[in-house]
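Heads up: the sequence shown begins at 15 in the working numbering, then just goes up one per residue. Step one of this worksheet: look at the structure below.
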Amino acid sequence: MNIGNNVRRLVAAGLLLCPAVWANVVQGQASDWPSRPVTIIVPSAAGGAADFTARAFASFITKTYPQATVVVEDRPGAGGVIGTMAAKEAKPDGYTFLLSTNSTHAANLSLYKDLRYDPVKDFVPVGRFGTFGSVLMVPKESSFDSVKDLVAYAKANPGRMSFGYYSSSSQVPAEMLKTAAGVTYEGAAYKNVTQIITDLIGKQFDFAFLDALSAAPALQNDRLKPIGVTTPRRLPQLPAVPAIAETIPGYEMQGWLGLTAPAGTPPAIVETVSALMGKAMEDHEVRKALEAKGLQAGFLPAREMKAFIAADIVRWRDWIRLAKIQPN
15 MNIGNNVRRL VAAGLLLCPA VWANVVQGQA SDWPSRPVTI IVPSAAGGAA DFTARAFASF
75 ITKTYPQATV VVEDRPGAGG VIGTMAAKEA KPDGYTFLLS TNSTHAANLS LYKDLRYDPV
135 KDFVPVGRFG TFGSVLMVPK ESSFDSVKDL VAYAKANPGR MSFGYYSSSS QVPAEMLKTA
195 AGVTYEGAAY KNVTQIITDL IGKQFDFAFL DALSAAPALQ NDRLKPIGVT TPRRLPQLPA
255 VPAIAETIPG YEMQGWLGLT APAGTPPAIV ETVSALMGKA MEDHEVRKAL EAKGLQAGFL
315 PAREMKAFIA ADIVRWRDWI RLAKIQPN
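Encoded structure:
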């Protein structure tokens, strides 16, 4: 279907202002979707939580629509800003989506002084796959076996510890812990989680908070040691690892993964893809794969995402203030 030609014909016929005719055109856009390759932009590096989730959903799309081609395009850097800008500037035709996160659509508003996009005005919500906590990881040979051990060392050795971070889900919990425990240490920014894992294994710094999905491979390979999680309660996947809140009451931080599309994307396609996300999260294989990596499945459809994002912007603003992080 050539939507552009159809619209031009409607204009010529003087019918564009007729709601019923326009509704049929928009519905037509969804009825033949996907008629060409679909791109999911991931604003982080391959191997991370967002990339894994995007590829799982891409596989589900091609399983549902055998004729479909879905391209997962990793565009890491600047805390998700590079990939998010690429999605913002894409044509809003229903064939480009952003694997959105709490960083891109909530935390970045408080972390950057001059953010080049508006997560509310420049994007339309499609849906949320679920939420995740972060895992406090140390080298396998570290003498820290608990959050209490780490805090005690930091207090006895002010300024001598360091951590690595690559996103809001790895920076904010470290700064929150610093504030809550009354300790000092330095942070080093990384472009992606893979580099952090490599350097943490190599003991280039003392600890890192990794989102639960990205932490899973390192845990399976027994290369790093988990000593705490940022969720209010222990994760089902790591029942032996205490919640940090067990040591520091009230401590909590959770992220999320979802999809958004450039503002102006046809509503009918948004609803189609949102419904597809819901079906994906009901699929046993997809859900099992994501939950095994640490995602807490919690699908939200497009119609509920707008309010969720608005609330999350406030949540991350408060967490970032609590962590005493100054915007760049």
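Backbone N, C-alpha and C fix where the C-beta goes; we use that ideal spot for every residue, glycine too.
Under 8 angstroms between C-beta atoms of Gln340 and Thr145: The answer is no: Cβ separation not under 8 angstroms.
Met267 in three-state terms, based on DSSP: Coil.
Secondary structure of Phe137, DSSP reduced to three states: Assignment of Phe137 by DSSP, reduced to helix, strand and coil, places it in the strand class.
Pairwise C-alpha distance: Val284 and Arg142: Each residue's CA atom was taken as its position, placing Arg142 and Val284 some 13 angstroms apart.
Cβ neighbour criterion (16 or more within 10 Å) applied to Val328: Exposed.
N- and C-terminal bounds of the beta strand (DSSP E) containing Thr261: Looking at the DSSP string, Thr261 is not in any beta strand (DSSP E), and its letter there is neither H nor E.
Member of Gly216, Ile54, Glu200, Pro133 whose CA lies at the smallest distance from the CA of Ala325: Closest by alpha carbon: Pro133.
Contiguous alpha helix (DSSP H) assignments of at least 4 residues, all confined to the stretch 168 to 223: The qualifying runs are 182 to 195, 207 to 215.
For Gln310, three-class secondary structure by DSSP: DSSP, read as helix, strand or coil, puts Gln310 in strand.
First through last residue of the beta strand (DSSP E) which encompasses Leu113: Element bounds for Leu113: 110 to 115.
Closest Cα partner of Ala104 within the set Asp65, Thr53, Ala59: With distances taken between Cα atoms, Ala104 lies closest to Thr53.
Beta-carbon proximity check, Val243 vs Leu224, cutoff 8 angstroms: No, the Cβ-Cβ distance between Val243 and Leu224 is not below 8 angstroms.
Counterpart residues of Arg142 in DSSP-defined beta bridges: DSSP lists Gly272, Leu314 as partners of Arg142.
Among Thr76, Ala63, Pro57, nearest to Ala232 - alpha-carbon criterion: Answer by Cα proximity: Ala63.
Opposing strand residues paired with Lys239 [DSSP bridges]: The partner list for Lys239 (beta bridge, DSSP) reads Val152.
Pro48 beta carbon less than 8 angstroms from that of Ala82: Their beta carbons are under 8 angstroms apart, which means Ala82 touches Pro48 by this criterion.
Val35 classed as buried or exposed, judged by whether at least 16 other C-beta atoms fall within 10 angstroms: Reliability of the predicted coordinates at Val35 is poor, the pLDDT of 45 falling under 50, and no value is obtained from them.
Closest residue to Met291 among Thr279, Phe177, Leu271 (Cα-Cα distance): Met291 has its Cα closest to that of Leu271, out of Thr279, Phe177, Leu271.
Where Gly18 falls, given that 16 or more other Cβ within 10 Å makes a residue buried: Any reading at Gly18 must be qualified, since the residue scores a pLDDT of 49, below 50, and its modelled position is unreliable; the value itself is stated next. Its Cβ having fewer than 16 others within 10 Å, Gly18 is exposed.
Which listed residue (Ala275, Phe71, Gly201) has its alpha carbon closest to that of His298: That would be Phe71, whose Cα lies nearest to the Cα of His298.
Sequence-distant residues of its chain with Cβ nearer than 8 angstroms to Val186 (five each side left out): Residues Ala121, Met267, Trp330, Trp333, Ile334, Ala337, Ile339 of the same chain have their beta carbon placed closer than 8 angstroms to that of Val186, with the five preceding and five following residues left out of the count.
Lys135, buried or exposed, once every other Cβ within 10 Å from all chains shown has been counted against 16: So Lys135 ends up on the exposed side.
Helix, strand or coil at Thr279 [DSSP, three-state]: Reduced to three states, the DSSP call for Thr279 is coil.
Distance between Leu273 and Phe322 (C-alpha atoms, nearest Å): Going from the Cα of Phe322 to the Cα of Leu273 covers about 13 angstroms.
Buried versus exposed call for Gln234 [16 or more other C-beta atoms within 10 Å across all chains shown]: Exposed: under 16 other Cβ atoms inside 10 Å.
Span of the alpha helix (DSSP H), counted from its first residue to its last, around Ile339: Ile339: not part of any alpha helix (DSSP H); DSSP gives it neither H nor E.
Beta-ladder partner(s) of Thr67, from DSSP: Bridge partners of Thr67 according to DSSP: none are assigned.
C-beta contact flag for Leu249 and Ala226 at 8 angstroms: In contact: Leu249 and Ala226 (Cβ atoms closer than 8 angstroms).
Classification of Val21 by the beta-carbon crowding that lies within 10 angstroms, buried from 16 upward: Residue placement at Val21 cannot be trusted, given a pLDDT of 46 that sits under 50; the coordinates are not used to answer.
Sequence ranges, beta strand (DSSP E) only - wholly within the stretch 47 to 97, length at least 3: Fully enclosed beta strand (DSSP E) runs of 3 or longer: 52 to 56, 84 to 88.
Ile75 to Pro253 span [Cα, whole Å]: Whole-angstrom Cα-Cα distance: 33 angstroms.
Simplified DSSP assignment, three categories, for Ala104: Coil, per DSSP.
Cβ-based burial, Asn116 [other Cβ within 10 Å; buried from 16]: The residue is buried, with at least 16 neighbouring Cβ atoms inside 10 Å.
Helix, strand or coil at Ala230 according to DSSP, with G and I counted as helix: Of the three classes helix, strand and coil, the one that applies to Ala230 here is helix, per DSSP.
Start and end residues, alpha helix (DSSP H) containing Ser124: Where Ser124 is concerned, the enclosing alpha helix (DSSP H) stretches over 122 to 125.
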